[in-house]
Structures are given as structure tokens and as C-alpha cells.
Amino acid sequence: MSPTAPAPSPLPSPGVRYASYGVLLVLGALVGAAGSLVQAAWFSGGLLLALLATAGLFYGGLRATGTQVGVAAAAAGWLVAVILLSLGRPEGDGAFGGGAGELIFLFGGMALAVMCATLPRLPRPAP
Numbered sequence: 016m017s018p019t020a021p022a023p024s025p026l027p028s029p030g031v032r033y034a035s036y037g038v039l040l041v042l043g044a045l046v047g048a049a050g051s052l053v054q055a056a057w058f059s060g061g062l063l064l065a066l067l068a069t070a071g072l073f074y075g076g077l078r079a080t081g082t083q084v085g086v087a088a089a090a091a092g093w094l095v096a097v098i099l100l101s102l103g104r105p106e107g108d109g110a111f112g113g114g115a116g117e118l119i120f121l122f123g124g125m126a127l128a129v130m131c132a133t134l135p136r137l138p139r140p141a142p
């Protein structure tokens with residue numbers, strides 16, 4: 016006897032999906048802003064903490080929505096926050112000082128977004 020696979024649960028309504036993409040966009044901006052500040056404050060430990068939070072957000076977006084759009088929404092919010100903080104102000108103030116840590120955070124976060132977006136999607140668990 017072979018056990019039959021349970022039927023996947025139905026996808027949520029489009030309104031719920033779009034709302035979750037919006038929440039992931041805002042969370043991405045918050046994680047990007049917090050990571051920008053933390054990685055600059057505590058260089059090696061803060062950088063690792065910021066990249067771990069970024070990876071957790073992107074993977075959580077994939078698992079929560081079940082689509083790569085969840086990763087893309089979180090990554091878009093993250094990237095906008097990081098880019099806006101790296102531009103600085105006309106007075107010369109900026110969150111990034113221009114060192115190696117900032118580049119590792121920027122390129123590492125983008126690499127994490129690509130890695131999470133290309134992970135295979137797992138089937139939805141049965142209710």
C-alpha cells in the first residue's frame with residue numbers, strides 16, 4: 016500500500032497575498048534601516064547580525080507567501096532603505112561611512128535575496 020499525498024491547501028485570496036506583500040515591503044525597509052545602523056555601530060558582530068536578520072526576512076518572506084514575490088517584496092523594501100541611507104544629505108551626513116563593511120552589507124544582502132528567491136518552493140502543508 017502506498018500512502019496518498021495530502022491535497023495542498025488552497026492559496027489565500029489575492030487581497031491577503033497583496034497585504035502580505037505590503038507588510039513584507041515595510042519589514043524589508045525596517046530591517047534595511049536597522050541593519051545599516053547596526054553594521055556600522057559594531058563592525059564584525061553587527062555586520063553578521065544585520066546579514067542574519069536580512070536572510071531571515073527574505074527566507075521568511077519565501078515561506079510565508081510560498082512565492083518568490085514574497086522575497087522580492089522584502090528585498091525591494093530593504094534595497095530602497097539601504098540606498099536612501101547611503102545617499103546621505105546635502106550637508107554631508109550619511110549612515111554609511113564608505114568602508115568595507117558597508118559594501119559587504121550591500122552586496123551580501125543582494126546575494127541573500129537572490130539565493131532565497133532561487134530556493135525551491137516547498138509544497139504547502141495539509142491543514
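Converting from the sequence shown to the numbering used here requires adding 15 to each position, the first position being numbered 1. Glycine included, C-beta positions come from ideal geometry on N, C-alpha and C.
{"Asked": "Meets three-Cβ-pair contact criterion under 8 Å: the segment 83-95 and the segment 59-67", "Found": "no"}
{"Asked": "Residue ranges of each alpha helix (DSSP H) within the segment 66-116, 4 or longer", "Found": "83-102"}
{"Asked": "Integer-rounded CB distance, given that residue 66 should sit under 8 Å from residue 123", "Found": "5 Å"}
{"Asked": "Beta carbon of residue 71 nearer than 8 Å to that of residue 89", "Found": "no"}
{"Asked": "Cβ neighbour criterion (16 or more within 10 Å) applied to residue 127", "Found": "buried"}
{"Asked": "Reference residue 130, options 114, 47, 121 and 86, closest by Cα", "Found": "86"}
{"Asked": "Residue 59: CB within 7 Å of a non-hydrogen atom of the ligand ATP", "Found": "Summarising the ligand content, the structure contains no ligands, and the ligand ATP is consequently not present."}
{"Asked": "Between the CA atoms of residue 118 and residue 132 - distance to the nearest angstrom", "Found": "21 Å"}
{"Asked": "Reduced DSSP category for residue 29 - H, G, I as helix; E, B as strand; rest coil", "Found": "helix"}
{"Asked": "Residue 100 versus residue 91: straight-line alpha-carbon distance, rounded", "Found": "14 Å"}
{"Asked": "Distance, residue 32 Cα to residue 115 Cα", "Found": "37 Å"}
{"Asked": "Chain-order list of residues whose beta-carbon lies under 6 Å from that of residue 74 (same chain, five-residue window excluded)", "Found": "131"}
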